[in-house]
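Asker: One structure, as structure tokens, below. Some questions next.
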Amino acid sequence: LFQTSNRAVFGVGVLLERGLIPQDALRNQIIPILFDLIESKGDDPGMEDRRVEIAAVLCRVVSSGMITDKRWLFDNFIADYSRFLEHHVVHIRKVGAR
-11 LFQTSNRAVF GVGVLLERGL IPQDALRNQI IPILFDLIES KGDDPGMEDR
39 RVEIAAVLCR VVSSGMITDK RWLFDNFIAD YSRFLEHHVV HIRKVGAR
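Position one of the sequence shown corresponds to residue -11 (my numbering), numbered consecutively onward.
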């Protein structure tokens, strides 16, 4: 399951880079699923690394301008991403990077 999930996240990243995912699919399906994966509980090996990889994919979505609806970004994306930034894994990595 872990390898399948990692491959899926990698695949989404590749599709995003190539611009092959429509904006509606990003907003209504892909991004909510990625946030669900980030927030999922579990002790799978590498779960923290998977969360970081998902965060990187989400950052690519926002920084690339793939979603042009700024109101949607503000109302939906920012709140979920802010919740992710409160996760202990993110804090450990930020401290380690200093």
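Backbone N, C-alpha and C fix where the C-beta goes; we use that ideal spot for every residue, glycine too.
1) Three or more C-beta pairs closer than 8 Å, one from the region 36 to 51 and one from the region -3 to 16: is that the case here?
2) Start and end of the alpha helix (DSSP H) containing F23?
3) Can you give me the Cβ contacts of S52 inside the same chain, cut-off strictly under 8 Å, excluding the 5 residues immediately before and after it?
4) Round the Cβ separation of I55 and Q17 to the nearest angstrom and send it over; I've been treating them as touching at under 8 Å.
5) Is F23 near D63, with beta carbons less than 7 Å apart?
6) State buried or exposed for I38, treating a residue as buried only when at least 16 other CB atoms are found within 10 Å of its CB.
7) For the alpha helix (DSSP H) containing I66, name the first residue and the last one.
8) Give the C-beta separation of I26 and I42 to the nearest angstrom, bearing in mind that I take them to be a contact with Cβ-Cβ under 8 Å.
9) For my contact list, I21 and F65 are in at a C-beta cut-off of 8 Å; report their separation, rounded to the angstrom.
10) Mark L14 as exposed unless 16 or more other C-beta atoms lie within 10 angstroms of its C-beta, in which case mark it buried.
Answerer: Let's see:
1) yes
2) Locating residue 23 in the sequence shown gives position 35, counting from the first residue. First-last of the alpha helix (DSSP H) with F23: I19 to E27.
3) By one-based count along the sequence shown, residue 52 stands at place 64. Cβ neighbours of S52 beyond the five flanking positions: L4.
4) To locate residue 55, count along the sequence shown from 1; it is residue 67. To locate residue 17, count along the sequence shown from 1; it is residue 29. With 8 Å as the limit, I55 and Q17 do not qualify as a contact, their Cβ atoms being about 13 Å apart.
5) Residue mapping note: residue 23 aligns to position 35 of the sequence shown, counting from 1. Residue mapping note: residue 63 aligns to position 75 of the sequence shown, counting from 1. No.
6) As a first step, residue 38 is located in the sequence shown; it is residue number 50 there, counting from the start. The identity of residue 38 in the sequence shown is Arg, whereas the question assumes Ile. R38 is buried by the Cβ-count criterion.
7) Position 78 of the sequence shown, counted from the first residue, corresponds to residue 66. Per DSSP, I66 belongs to the alpha helix (DSSP H) from I66 to L73.
8) Here residue 26 is taken as the residue at index 38 of the sequence shown, counted from 1. Here residue 42 is taken as the residue at index 54 of the sequence shown, counted from 1. So it is a contact: roughly 5 Å between Cβ atoms.
9) Taking the sequence shown and counting its residues from 1, the one referred to as residue 21 is at position 33. Taking the sequence shown and counting its residues from 1, the one referred to as residue 65 is at position 77. Not quite, the Cβ-Cβ distance comes to about 13 Å (not below 8 Å), so this is no contact.
10) By 1-based counting over the sequence shown, the position of residue 14 is 26. Counting Cβ neighbours within 10 Å, L14 comes out buried, since at least 16 surround it.
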